[in-house]
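Visitor: This note's numbering runs 166 ahead of the 1-based position in the sequence shown.
The beta-carbon is built from N, C-alpha and C at its ideal position, and this holds for glycine as well.
Just so we're clear, the structure is a prediction, and the values are computed from it rather than from any experiment.
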Amino acid sequence: LVIFNQFDEFGNYLWHYSVTGPAMVEVLNDIMGPNDRFAGVTLTTGSAGTIASGDYLKQVFPNSKIVAGEATECPTMIYNGFGEHRIEGIGDKHIPWIHNVANTDMAMGIDDESSVSLIRLFNEPAGHEYLATQGVSADLIEKLPLLGISGAANVLMAIKFAKWYELTGNDVVMTLGTDSMEMYGSRLAEMNAERGEFTMLDAAGVYHRHLMGQGLQHVQELGYYERKRIHNLKYYTWVEQQGKTYEEIQAQWYDPDYWTGIQAMVDPIDELIESFNARTRS
Numbered sequence: 167l168v169i170f171n172q173f174d175e176f177g178n179y180l181w182h183y184s185v186t187g188p189a190m191v192e193v194l195n196d197i198m199g200p201n202d203r204f205a206g207v208t209l210t211t212g213s214a215g216t217i218a219s220g221d222y223l224k225q226v227f228p229n230s231k232i233v234a235g236e237a238t239e240c241p242t243m244i245y246n247g248f249g250e251h252r253i254e255g256i257g258d259k260h261i262p263w264i265h266n267v268a269n270t271d272m273a274m275g276i277d278d279e280s281s282v283s284l285i286r287l288f289n290e291p292a293g294h295e296y297l298a299t300q301g302v303s304a305d306l307i308e309k310l311p312l313l314g315i316s317g318a319a320n321v322l323m324a325i326k327f328a329k330w331y332e333l334t335g336n337d338v339v340m341t342l343g344t345d346s347m348e349m350y351g352s353r354l355a356e357m358n359a360e361r362g363e364f365t366m367l368d369a370a371g372v373y374h375r376h377l378m379g380q381g382l383q384h385v386q387e388l389g390y391y392e393r394k395r396i397h398n399l400k401y402y403t404w405v406e407q408q409g410k411t412y413e414e415i416q417a418q419w420y421d422p423d424y425w426t427g428i429q430a431m432v433d434p435i436d437e438l439i440e441s442f443n444a445r446t447r448s
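#1: I'd like the ranges of any beta strand (DSSP E) spanning at least 3 consecutive residues and lying wholly in the stretch 255-283.
#2: Quick check: what's the CA-CA separation for M274 versus A444?
#3: For a test of the three-state rule: what should DSSP assign to G215, helix, strand or coil?
#4: Counting only the same chain and skipping the five closest in sequence on each side, list residues whose C-beta sits under 7 Å from that of F442.
#5: Out of F170, T186 and T242, point me to the one whose CA is closest to L342's CA.
#6: Once DSSP output is grouped into helix, strand and coil, what is the label at I439?
#7: Do the CB positions of E236 and I264 come within less than 8 Å of each other?
#8: What number of angstroms, rounded off, separates the C-alpha of I325 from the C-alpha of I439?
#9: Would you kindly work out how many angstroms separate the C-alpha atoms of P450 and D368, rounded to a whole number?
#10: Based on the DSSP output, what are the partners of V191 in its beta bridges?
#11: Give a yes or no on whether the C-beta atoms belonging to Q380 and L306 are separated by under 8 Å.
#12: So, are the CB atoms of A328 and S281 less than 8 Å apart?
#13: Scan the stretch 377-445 and note each continuous beta strand (DSSP E) run of 3 residues or more that stays entirely inside, going in chain order.
#14: What did DSSP end up calling E332 once you bin it into helix, strand or coil?
#15: Find out if the Cβ-Cβ distance for the pair P311, M347 is shorter than 8 Å.
#16: Candidates V168, D202, W181 and T242: which alpha carbon is nearest D433's?
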C-alpha cells in the first residue's frame with residue numbers, strides 16, 4: 167500500500183499541467199473570437215494541483231495571469247495569516263510544495279460566507295426562481311448544481327479579477343468547477359435547519375451582496391518579493407517538518423529549469439505507466 171501526499175506529489179502537478187491545461191486551451195480556441203483576449207485563470211488552491219494548469223496556459227498565452235485564491239478567513243498567501251474557514255476542498259495554513267509560486271501573478275481572498283451563500287442561491291428553488299427574474303437562462307440555472315463550494319469560490323474569484331482589471335466583453339477569464347453539489351447536499355440541509363427556509367428575499371440579498379457585489383478587497387498583485395515571501399513559507403512546512411532539502415526549495419525559486427524540468431517528465435512517466443499496465447495485464 168502506497169499513500170501519496172497530493173501536496174508534494176508532482177504527479178498531481180503534472181496531471182493538471184498536461185491534461186487540464188490543454189483542455190482549457192481547447193475550450194478557449196472554441197469560444198474566443200478574433201478580437202478576444204485571454205486575460206487569465208482564477209483558481210483556489212487546495213493541493214495546488216489544479217493551478218498547474220495556469221503554467222500551461224501562460225506558455226500558450228504569455229500575457230495571461232495566474233490568480234491563486236484562498237479564504238479571507240485564512241489568508242496565508244495574502245497576509246501570512248491563519249484561521250478556520252468553510253470553503254471545503256481548498257487548503258489552508260501552508261503553501262503546497264508543488265505550487266509554482268514564482269509564476270503566480272495575484273493572490274486573492276474570497277469570504278467563505280459568499281461561497282456558502284452562493285450554493286444556496288444556485289441550488290434552492292427560490293434561488294433558481296430569483297435568478298430567472300434577473301435574466302439568467304433556464305439552461306444555465308439547470309447547470310448551477312455542478313458547482314460546489316470551492317467551485318463557487320472560483321467563480322467569485324473570476325468576477326473579482328474582472329473587476330480589478332476593468333475587463334471588457336472581449337476579455338476571457340477561465341476558471342473551473344472543481345466540485346459539485348453531489349458532495350455537499352448535507353450542507354444545504356444544515357443551513358436550512360440553522361437559518362430557515364431560503365426565500366426569494368434571501369435570494370435577492372445573496373445575488374446582490376455576494377454575486378454582483380463582489381468588491382476589490384483582499385487582492386494582492388504579486389511582484390518579485392511578494393512572490394518570494396509566499397514561496398518562503400514553504401520552508402516551515404516542507405524543509406523543517408517534511409524532510410525536503412534546502413537545496414531544492416532554493417532550486418524551485420532560483421533555477422530557471424526546475425519547473426520546466428518537472429514538466430518534461432510527462433512522457434517518461436507515461437511510458438513507465440504503460441509498461442507497468444502491460445506487465446500487470448499479462
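Guide: With the structure as the only source:
#1: 272-276
#2: Sequence index remark: in the sequence shown, residue 274 carries index 108 (1-based). Sequence index remark: in the sequence shown, residue 444 carries index 278 (1-based). Cα to Cα, the separation comes out at about 45 Å.
#3: Numbered from 1 along the sequence shown, position 49 holds the residue referred to as residue 215. Looking at G215 - three-state DSSP - the assignment turns out to be coil, as it is neither helix nor strand.
#4: Here residue 442 is taken as the residue at index 276 of the sequence shown, counted from 1. Excluding residues within five positions, none has a Cβ falling inside 7 Å.
#5: As a first step, residue 342 is located in the sequence shown; it is residue number 176 there, counting from the start. Minimum Cα distance to L342 is reached at T186.
#6: Position 273 of the sequence shown, counted from the first residue, corresponds to residue 439. Looking at I439 - three-state DSSP - the assignment turns out to be helix.
#7: Within the sequence shown, residue 236 is the residue found at index 70, counting from 1. Within the sequence shown, residue 264 is the residue found at index 98, counting from 1. No, they are not a contact pair.
#8: For the purposes of this step, residue 325 is identified with residue 159 of the sequence shown, where counting begins at 1. For the purposes of this step, residue 439 is identified with residue 273 of the sequence shown, where counting begins at 1. In a straight line, the C-alpha of I325 is about 40 Å away from that of I439.
#9: There is simply no residue 450 to check, as the chain begins at 167 and stops at 448 in what is shown.
#10: Counting from one through the sequence shown, the residue named residue 191 turns up at place 25. Partner(s): none; V191 has no beta bridge.
#11: If you number the sequence shown from 1, residue 380 lands on position 214. If you number the sequence shown from 1, residue 306 lands on position 140. It is not a contact, given that the beta carbons lie outside the stated cut-off.
#12: The count along the sequence shown starts at 1 and reaches residue 328 at position 162. The count along the sequence shown starts at 1 and reaches residue 281 at position 115. It is not a contact, given that the beta carbons lie outside the stated cut-off.
#13: 385-387
#14: As a working note, residue 332 is residue 166 in the sequence shown. Of the three classes helix, strand and coil, the one that applies to E332 here is coil, per DSSP.
#15: Walking along the sequence shown from the start, residue 311 turns up at place 145. Walking along the sequence shown from the start, residue 347 turns up at place 181. Closer than 8 Å, so yes.
#16: Counting from 1 along the sequence shown, the entry for residue 433 is found at position 267. Cα-wise, what sits closest to D433 is W181.
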